[in-house]
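Chemist: Please see the structure below; I have some questions.
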Amino acid sequence: MKTFSPKQQDIVRKWYLVDAKNQVLGRLASEVARVLRGKHKAIFAPHVDVGDNVVIINAEKIRVTGKKAQQKRYKRYSGYPGGLKETVYEDVLATYPERILEHAIQGMLPKNRLGRQMFKKVKIYAGEEHPHVAQKPEVLTFNL
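For the sequence shown, our numbering gives the first residue as 38, with consecutive numbering after it.
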(Lines of atoms letter the chains of each structure in order from A and count residues from 1; the text may use other names and numbers.)
(Lines give C-alpha, C1' and ligand atoms only; values in the text may rest on other atoms or scores of the structure.)
Protein backbone atom coordinates (compact mmCIF):
# COMPACT_ATOMS: atom_id res chain seq x y z
CA MET A 1 0.00 0.00 0.00
CA LYS A 2 1.41 3.36 -1.03
CA THR A 3 1.16 6.56 0.97
CA PHE A 4 -1.49 8.88 -0.40
CA SER A 5 -0.27 12.44 -0.79
CA PRO A 6 -2.84 15.03 -1.90
CA LYS A 7 -1.68 17.62 -4.42
CA GLN A 8 -2.12 21.36 -3.81
CA GLN A 9 -4.59 21.67 -6.71
CA ASP A 10 -6.77 18.93 -5.15
CA ILE A 11 -7.15 20.77 -1.83
CA VAL A 12 -10.32 22.88 -1.62
CA ARG A 13 -10.44 25.07 1.48
CA LYS A 14 -13.80 26.15 2.86
CA TRP A 15 -14.63 28.73 5.52
CA TYR A 16 -16.73 27.75 8.52
CA LEU A 17 -18.38 29.91 11.19
CA VAL A 18 -18.67 28.45 14.70
CA ASP A 19 -20.70 30.06 17.48
CA ALA A 20 -19.06 29.30 20.84
CA LYS A 21 -22.04 30.52 22.88
CA ASN A 22 -22.78 28.01 25.69
CA GLN A 23 -20.37 25.43 24.21
CA VAL A 24 -18.05 23.42 26.47
CA LEU A 25 -14.44 24.51 25.97
CA GLY A 26 -12.68 21.17 25.43
CA ARG A 27 -15.36 19.60 23.29
CA LEU A 28 -15.54 22.62 21.00
CA ALA A 29 -11.74 22.86 20.76
CA SER A 30 -11.36 19.22 19.74
CA GLU A 31 -13.95 19.55 16.97
CA VAL A 32 -12.37 22.77 15.67
CA ALA A 33 -8.93 21.12 15.71
CA ARG A 34 -10.35 18.23 13.68
CA VAL A 35 -11.63 20.63 11.01
CA LEU A 36 -8.33 22.58 11.00
CA ARG A 37 -6.36 19.36 10.43
CA GLY A 38 -8.75 18.20 7.70
CA LYS A 39 -9.66 14.89 9.35
CA HIS A 40 -13.26 15.33 8.21
CA LYS A 41 -12.19 15.09 4.53
CA ALA A 42 -11.70 11.99 2.42
CA ILE A 43 -8.32 13.25 1.18
CA PHE A 44 -6.82 13.58 4.69
CA ALA A 45 -3.11 12.91 4.98
CA PRO A 46 -1.28 13.48 8.28
CA HIS A 47 1.77 15.07 6.61
CA VAL A 48 -0.14 17.65 4.49
CA ASP A 49 -2.29 20.58 5.59
CA VAL A 50 -5.67 19.87 3.96
CA GLY A 51 -7.83 21.55 6.63
CA ASP A 52 -10.33 24.37 6.35
CA ASN A 53 -10.52 27.90 7.80
CA VAL A 54 -12.60 28.40 10.94
CA VAL A 55 -14.03 31.65 12.34
CA ILE A 56 -15.16 31.43 15.97
CA ILE A 57 -17.47 34.09 17.42
CA ASN A 58 -18.76 34.66 20.98
CA ALA A 59 -15.56 33.37 22.61
CA GLU A 60 -16.50 35.33 25.74
CA LYS A 61 -19.56 33.09 26.21
CA ILE A 62 -17.67 29.78 26.29
CA ARG A 63 -18.26 27.64 29.38
CA VAL A 64 -16.41 25.05 31.40
CA THR A 65 -17.84 22.33 33.61
CA GLY A 66 -17.43 21.73 37.31
CA LYS A 67 -15.19 24.05 39.35
CA LYS A 68 -12.77 24.72 36.49
CA ALA A 69 -13.72 28.41 36.36
CA GLN A 70 -12.12 28.92 39.78
CA GLN A 71 -9.45 26.18 39.68
CA LYS A 72 -8.08 26.13 36.11
CA ARG A 73 -4.80 28.04 35.86
CA TYR A 74 -2.83 29.31 32.88
CA LYS A 75 0.92 29.48 33.41
CA ARG A 76 3.63 31.41 31.59
CA TYR A 77 7.32 31.54 32.36
CA SER A 78 9.67 34.39 31.48
CA GLY A 79 12.81 32.27 31.81
CA TYR A 80 14.10 34.20 34.82
CA PRO A 81 14.15 32.97 38.42
CA GLY A 82 10.80 33.76 40.00
CA GLY A 83 9.36 34.50 36.55
CA LEU A 84 6.46 32.02 36.69
CA LYS A 85 3.13 33.81 36.37
CA GLU A 86 -0.22 32.11 36.96
CA THR A 87 -3.63 33.40 35.95
CA VAL A 88 -7.03 31.91 36.86
CA TYR A 89 -9.49 31.03 34.08
CA GLU A 90 -12.03 33.65 35.25
CA ASP A 91 -9.45 36.47 35.00
CA VAL A 92 -8.35 35.42 31.51
CA LEU A 93 -11.98 35.18 30.39
CA ALA A 94 -12.66 38.70 31.66
CA THR A 95 -9.63 40.28 29.95
CA TYR A 96 -8.69 38.16 26.88
CA PRO A 97 -11.45 35.62 26.13
CA GLU A 98 -9.89 34.68 22.76
CA ARG A 99 -6.75 33.33 24.44
CA ILE A 100 -8.67 30.57 26.21
CA LEU A 101 -9.83 29.04 22.93
CA GLU A 102 -6.44 29.67 21.28
CA HIS A 103 -4.67 27.79 24.06
CA ALA A 104 -7.10 24.86 23.95
CA ILE A 105 -7.07 24.50 20.15
CA GLN A 106 -3.31 24.87 19.83
CA GLY A 107 -2.82 22.13 22.40
CA MET A 108 -4.80 19.74 20.19
CA LEU A 109 -2.81 20.38 17.01
CA PRO A 110 0.57 18.82 16.12
CA LYS A 111 3.56 20.41 17.83
CA ASN A 112 5.60 21.17 14.70
CA ARG A 113 5.70 23.48 11.66
CA LEU A 114 2.61 21.85 10.23
CA GLY A 115 0.64 22.48 13.44
CA ARG A 116 1.67 26.15 13.49
CA GLN A 117 0.57 26.47 9.86
CA MET A 118 -2.80 24.89 10.69
CA PHE A 119 -3.31 27.20 13.67
CA LYS A 120 -3.05 30.27 11.42
CA LYS A 121 -6.35 29.25 9.81
CA VAL A 122 -8.45 29.86 12.93
CA LYS A 123 -9.81 33.34 13.68
CA ILE A 124 -11.31 33.92 17.13
CA TYR A 125 -13.46 36.90 18.16
CA ALA A 126 -14.94 37.73 21.56
CA GLY A 127 -18.22 39.15 20.25
CA GLU A 128 -20.69 38.57 17.43
CA GLU A 129 -18.90 40.70 14.82
CA HIS A 130 -16.15 39.39 12.51
CA PRO A 131 -14.50 40.85 9.37
CA HIS A 132 -14.71 37.63 7.29
CA VAL A 133 -18.16 38.15 5.77
CA ALA A 134 -16.64 38.35 2.26
CA GLN A 135 -15.47 34.72 2.53
CA LYS A 136 -19.12 33.61 3.02
CA PRO A 137 -18.44 31.16 5.88
CA GLU A 138 -20.84 28.26 6.32
CA VAL A 139 -22.35 27.84 9.79
CA LEU A 140 -20.87 24.76 11.42
CA THR A 141 -22.69 23.12 14.32
CA PHE A 142 -21.49 20.21 16.42
CA ASN A 143 -23.59 17.62 18.24
CA LEU A 144 -21.92 18.14 21.60
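Ideal Cβ positions, reconstructed from N, Cα and C, are used throughout, including at glycine.
What residue from Gly164, Asp86, Glu127 and Gln107 has the CA that sits closest to Arg50's CA?
Modeler: It is Asp86.
Chemist: So, is Glu123 buried or exposed, given that buried needs 16 or more other C-beta atoms within 10 angstroms?
Modeler: With fewer than 16 Cβ atoms within 10 Å of its Cβ, Glu123 is classed as exposed.
Chemist: Return the residue from the list Gly116, Ala141, Ile94 and Tyr114 that minimises the CA-CA distance to Val101.
Modeler: For the residues Gly116, Ala141, Ile94 and Tyr114, the minimum Cα distance to Val101 belongs to Ala141.
Chemist: Helix, strand or coil: how does DSSP classify Ile142 here?
Modeler: Residue state, collapsed to three classes: helix.
Chemist: Fully enclosed by the stretch 86–114, which alpha helix (DSSP H) runs are 4 residues long or longer?
Modeler: Here the runs fully enclosed are 105–108.
Chemist: Whole angstroms are fine: how far does the CA of Lys157 sit from the CA of Asn59?
Modeler: Whole-angstrom Cα-Cα distance: 24 Å.
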